[in-house]
Amino acid sequence: MPDSLVSPSKTMEASYVVDDRENGLFRVNRKVFLDEDVLNLERERIFSRCWLFIGHASELPDPNDFVTRNVGGKEMIFNRDRKGNFHAFLNTCPHRGAMVERQESGNSLGFKCFYHGWAFNNNGNYATRHEKGVYPEDFNQDGCANLVPVKLEQYRDFFFVNFDEAAEPLESYLADSKQIFDIIGDHSPNGMEVVGGAQKYSIRANWKLLMENSYDGYHALDTHETYFKYLTEAIGGPAEMPTVTNVMDLKNGHASIEGDAPWGRPVAKWIPAWGEKAKAEVEEIRREVESRVGKERAERVCRLGRNTGIFPNLVINDIMAITIRTFYPVAPGVMNVTAWALGVKGESREFRKRRLDNFLEFLGPGGFATPDDVEALESAHRGYAAYQLAPWNDISRGLSRPESEPFKADDEEQMRCFWREWDRRMGGE
Amino acid sequence: MLDEWRLGEWLALFTEDAVYEVPRAGADETADSAEDLFYIADNYFRLGHRVKRMLDKAAHAEWPRSVQSHMISNVRIKGSDEEGVHVSCRFITHRAKNEIVDTYAGHHNYILRTVDGKLRIASKRTFIASDSLRDQGKVTIIL
Ligand code: FES
Ligand SMILES: [Fe+2]
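Protein chains in written order, with the working numbering: chain A, 17 to 445; chain B, 1392 to 1534.
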């Protein structure tokens, strides 16, 4: 595939992203979806340097809890030690590499490698006794036999790791996207939690296409025609068309689109199909939110939804339900996706069910919408094989608006935010 | 029926209070759609729409239509109670589209009930014997 022999870590063709504001044109070269060298460079300059989502605090409610997962292509342990402190370790034995924990989740005082039996406390410290004489007296003075910790920081209940020792602090990296986490935090005074496990699936397309798709306000009516047909029947009343559409450049490549939509929201927008009893409950939730955060903000929290992309690979869609998803390329044309649902801690069984129904109607491998997104991404990816003859994706929509006019959610400005940051980090600027 | 896309006839096999559920791959039989994130948790209304959608050309994931082969074995009648007769079976379903063949394997749990002299499905729960959908990526057909 690579048609140049130039070492990928030193140079990238400057012309992958064309940002021609004067003429209102923005283009991305399709080679960036196919090329192994580009992927290697992304691993080095993006996935090894950006903050990557590892998990939500609610997944580790107690001391000694752990989960294991692949983050940015690396096997990781995300856990709490005996004192309750949070850690992230590479899930690879300092001896000769085997994974020291192979269960998805659990509660454990330590980790023991099954290969030769090296053991570790859950704060990562080496905890094995060997017979005298086989290792030097001062073995592990330098920590060579401890689990390798990875930089871990949190904003609200969201934990991120960074493989770059010199990385800027998470809060400055998240920049204006912190407000998105704040809004989710405002859903309830009790906090939020990850609900009942993750959906793990794959898409046979380049990972960047899912980021574009996740806040693509332009595709909804075409791609999701059958979902909207369903929704019109399901809400039990007229489907109001959106009246609000905001596009937010959240800096550092993060962006969000915000607006209202015809679907119901567990917190807190009622639809007739939920019935009169639920109406009272939803109104009560709304009142509680208003009294806590004020009327104006409650409108944002309750009625408006947001599709947000946190650079490079975290999507937080607070729409008819809340989904968090991350994805990572296993090859230029394949990504692994992991998706979770977020709910309010302590919400009633009926409410939780309604939330999950809302989620499943639209989202996930069996939803009425996500599979059609996947089909679109895979079909685009197949088209890119002809990139030498049809080299450019057009992402110009809305770019030629006069400066005084705000962008709309069905423009493509949010994607341009991603691509500008991608280009900057890849060295194209 | 499913192999031939006779989905209307298939839907007619269900009672009007039926549920059709596909929990996450690897979930056990106690999985509860009010607590756990499933792939599919349809009531009769939503199942009806699922069928309508699958037959709609705008269901892009299934248009042009995939080719399917459903195989069933190890059918066991496990007992009966006031809900109906509990039946389980193993399945292997192949789905081919875009020159890629996806395989799903697992078991179905059915609850069957007689309504107006006809045997109807009151509940179908499909358990996928896998720990992810990394291979298949989606569940856009009836397994
Ligand atoms: S690789 Fe872990 S003990 Fe040898
Ligand atoms: Fe979509």
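C-beta atoms are modelled at their ideal positions from N, C-alpha and C, and glycine is treated no differently.
- Here A:P345 is buried: its Cβ has 16 or more other Cβ atoms, across all protein chains shown, within 10 Å.
- Residues of chain B whose Cβ lies closer than 8 Å to the Cβ of A:Q119 do not exist, since the nearest Cβ in that chain is about 11 Å away.
- Around the CB of A:L163, 16 or more other CB atoms lie within 10 Å, so the residue is classed as buried.
- In the three-state reduction of the DSSP assignment, A:A191 falls in the helix class.
- Of the residues A:V360, A:T261, A:W279, the one whose Cα lies closest to the Cα of A:G253 is A:W279.
- By the Cβ rule, the stretch 172–189 of chain A counts as touching the stretch 69–76 of chain A, because three or more pairs are nearer than 8 Å.
- Ranked by Cα distance from A:E274, the options A:R316, A:N268, A:E299, A:K311 are led by A:R316.
- Taking non-hydrogen atoms of ligand 2 into account, the C-beta of A:H146 is found less than 7 Å away from none of them.
- Of all residues in the stretch 1417–1434 of chain B, only S1424, A1425, E1426, D1427, L1428, F1429, Y1430, I1431, A1432 place a beta-carbon less than 7 Å from a beta-carbon of chain A.
- Neighbourhood of A:K128 in chain B, by CB distance below 9 Å: empty, with the nearest CB roughly 22 Å away.
- The beta strand (DSSP E) runs lying completely inside the stretch 348–434 of chain A and spanning 3 residues or more are 350–360, 408–410, given in chain order.
- A:E394 sits buried, since 16 or more C-beta atoms from the chains shown fall within 10 Å of its C-beta.
- Within the stretch 1502–1528 of chain B, contact with chain A at the beta-carbon level (separation under 9 Å) is assigned to D1522, S1523, L1524, R1525, D1526, Q1527, G1528.
- With respect to the 8 Å criterion, A:A221 and A:M351 are classified as neighbours on the basis of their beta carbons.
- The C-beta distance from B:A1513 to B:L1503 rounds to 7 Å, short enough to meet the 8 Å contact threshold.
- Put simply, the stretch 71–84 of chain A touches the stretch 197–215 of chain A. At least three CB pairs are less than 8 Å apart.
- Residue pairing of A:I332 in beta bridges, as defined by DSSP: A:T324, A:I340.
- A:M92 is a Cβ neighbour of A:N107, given a cutoff of 8 Å.
- DSSP places A:G140 outside both helix and strand once states are collapsed to three, so it counts as coil.
- Nearest in C-alpha terms to A:M264, of all of A:G233, A:E249, A:N39, is A:G233.
- Nearest neighbour of B:T1494 by Cα position, chosen from B:L1428, B:E1420, B:Q1527, turns out to be B:Q1527.
- B:R1511 is not a Cβ neighbour of B:F1429, given a cutoff of 8 Å.
- Under DSSP, the beta-bridge partners assigned to B:D1433 are B:Y1411.
- Within chain B, the residues H1451, A1452 have their CB atoms less than 7 Å from the CB of A:E391, given in chain order.
- Inclusion of A:T324 and A:I335 in the CB contact set at 8 Å is not warranted, their separation being larger than that value.
- With fewer than 16 other Cβ atoms from the protein chains shown falling within 10 Å of its own Cβ, A:H146 counts as exposed.
- Contact annotation: in the stretch 1400–1418 of chain B, residues whose CB is within less than 7 Å of a CB in chain A are V1413, R1415.
- Restricting attention to A:R368, A:F136, A:S272, A:R308, the CA atom closest to the CA of A:E428 is found in A:S272.
- When Cβ pairs closer than 8 Å are counted between the two stretches, the stretch 410–421 of chain A is seen not to touch the stretch 303–316 of chain A, the count staying below three.
- At the C-beta level, A:D410 and A:R46 stay beyond 8 Å of one another.
- With a cutoff of 7 Å, A:D389 counts as near ligand 2, since its C-beta is closer than that to a heavy atom of the ligand.
- Look at which beta carbons fall closer than 6 Å to any heavy atom of ligand 1; those residues are A:C109, A:H111, A:R112, A:G113, A:A114, A:C129, A:Y131, A:H132, A:G133, A:W134.
- Across the set B:R1467, B:E1474, B:E1400, the C-alpha of B:E1474 shows the shortest separation from the C-alpha of B:V1410.
- Taking B:N1500 as reference, the option from B:W1396, B:G1439, B:G1470, B:W1401 with the minimal CA-CA separation is B:G1470.
- Within the same chain, W134, A135 come within 6 Å of A:T144 by CB-CB distance, once the 5 residues on both sides are set aside.
- DSSP places A:N80 outside both helix and strand once states are collapsed to three, so it counts as coil.
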